[in-house]
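Engineer: Under this note's numbering, the residues of the sequence shown are numbered 518 to 764, in order.
Just passing along the structure, written as structure tokens.
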Amino acid sequence: EQQELILYYQPIVSLKTGKIVGFEALLRWQHLKRGMIAPNEFIPLAEETGLILPIGEWVLQEACHQLQTWQQAGIVDDAFTISINLSVRQFAQPDLIQQIERVLASTAINPANLKLEITESVIMESTSHIFQTLQRLRERQICLSIDDFGTGYSSLSYLHAFPVDSLKIDRSFVQRLEETSSDMGLIPAITSIANTLNITVVAEGIETAHQLCKLRMLNCNFGQGYFFSQPLPAQPATELLLSNPQW
């Protein structure tokens, strides 16, 4: 089945320079009969059956290999990152650290170039194992990011307690930045607290130039969304990098 899995890459853009500084690797299933199947259709089943563990290892290997390919071709610089998503079940597996270290060693990727995106639910588990895993990842210079921030039941207070490097503001907050509204929602508070804690902020779901402008005014560090590019297969993603866009 893994021959039907494919990774798409969506650019993460610096809102300071307007340049692509990384990609998020997103899993897709190219079914032979049903065509492209969205993750929300098969990931829950993979979680339930445990298939998410071998799938997750494949995603890690494939994404790091693609970054290695771009690095060796001189298409990206040493600071370019690749982000992958980890579920609660993946994060709880006892050999996660060893698995990541194996992949990094086989692809010669600097740990600082790998970003692991976890949901608030992983953080809120608050078990000693999860906290120790977070600490061990940080000790290895692997970046940790909280995905879809603001959609869970968590508190801003835990940002100080857990070793995270960045947080991704959920697209629902970005969509509220309407042209006719002065309501910035929670974004100013989130960016202010994050900056105080030296945590970078990524805004998800940017679709308009107006949203981009407001996020820049709010000192948001990075952005992602269809305004820049939809997720792309490896070859079109490579072509996008070679075109050296700036927004």
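In this text, a Cβ means the ideal position worked out from N, Cα and C, and glycines have one as well.
Small disclaimer: the values here were computed from a predicted structure and weren't measured.
Determine the DSSP secondary structure at R606, reduced to helix, strand or coil.
Structural biologist: As a position in the sequence shown, residue 606 is number 89, starting the count at 1. Helix.
Engineer: Roughly how many whole angstroms lie between the Cα atoms of E634 and K550?
Structural biologist: Along the sequence shown, read from residue 1 onward, the residue named residue 634 stands at position 117. Along the sequence shown, read from residue 1 onward, the residue named residue 550 stands at position 33. If you take the alpha carbons of E634 and K550, they lie about 31 Å apart.
Engineer: Taking 8 Å as the threshold (C-beta atoms), are G702 and I723 in contact?
Structural biologist: Working through the sequence shown from its first residue, we reach residue 723 at position 206. Working through the sequence shown from its first residue, we reach residue 702 at position 185. No, these two residues do not count as a Cβ contact at 8 Å.
Engineer: Where does F739 sit, in a helix, a strand or coil, going by DSSP?
Structural biologist: The residue labelled residue 739 in the question sits at position 222 within the sequence shown. Note: F739 maps to strand in three-state DSSP.
Engineer: According to DSSP, is V593 part of a helix, a strand, or is it coil?
Structural biologist: The count along the sequence shown starts at 1 and reaches residue 593 at position 76. In this structure, V593 counts as coil in the three-state DSSP scheme.
Engineer: For V639, which residues of its own chain have a beta-carbon under 7 Å away from its beta-carbon, when the five flanking residues on both sides are left out?
Structural biologist: Counting from 1 along the sequence shown, the entry for residue 639 is found at position 122. Counting only Cβ-Cβ distances below 7 Å, and skipping sequence neighbours, we find V605, F608, I647.
Engineer: Excluding five sequence neighbours on each side, which residues of the same chain lie with their C-beta closer than 8 Å to the C-beta of T534?
Structural biologist: Stepping through the sequence shown from its first residue, residue 534 is reached at position 17. Cβ within range, chain order: Q763.
Engineer: Can you give me the Cβ contacts of H548 inside the same chain, cut-off strictly under 8 Å, excluding the 5 residues immediately before and after it?
Structural biologist: Locating residue 548 in the sequence shown gives position 31, counting from the first residue. Once the five neighbours on either side are set aside, the close Cβ partners of H548 are E521, I554.
Engineer: Which partner residues of C581 appear in the DSSP bridge assignment?
Structural biologist: Looking up residue 581 in the sequence shown gives position 64. Answer is none; C581 lacks a bridge partner.
Engineer: Using DSSP's beta-bridge definition, name the partner residues of M553.
Structural biologist: Position 36 of the sequence shown, counted from the start, is the residue given in the question as residue 553. The partner list for M553 (beta bridge, DSSP) reads Q547.
Engineer: In chain order, which continuous runs of the alpha helix (DSSP H) of length 4 or greater are located wholly inside the stretch 613 to 646?
Structural biologist: Unbroken alpha helix (DSSP H) runs of no fewer than 4 residues, entirely contained in the stretch 613 to 646, are found at 613 to 624, 637 to 642, following chain order.
Engineer: With 16 other CB atoms within 10 Å as the buried threshold, where does P528 fall?
Structural biologist: On the sequence shown, position 11 is the one that residue 528 refers to. Classification of P528: buried, given that the 10 Å Cβ count is 16 or more.
Engineer: Out of I523, V530, Y526, Y525, which has the shortest C-alpha to C-alpha gap to L729?
Structural biologist: Translated into positions along the sequence shown, residue 729 becomes position 212. The candidate whose alpha carbon is nearest that of L729 is V530.
Engineer: Does the separation of the CB atoms of L544 and V593 fall below 8 Å?
Structural biologist: Translated into the one-based positions of the sequence shown, residue 544 becomes position 27. Translated into the one-based positions of the sequence shown, residue 593 becomes position 76. No; because the gap between Cβ atoms is not below 8 Å, this pair is not in contact.
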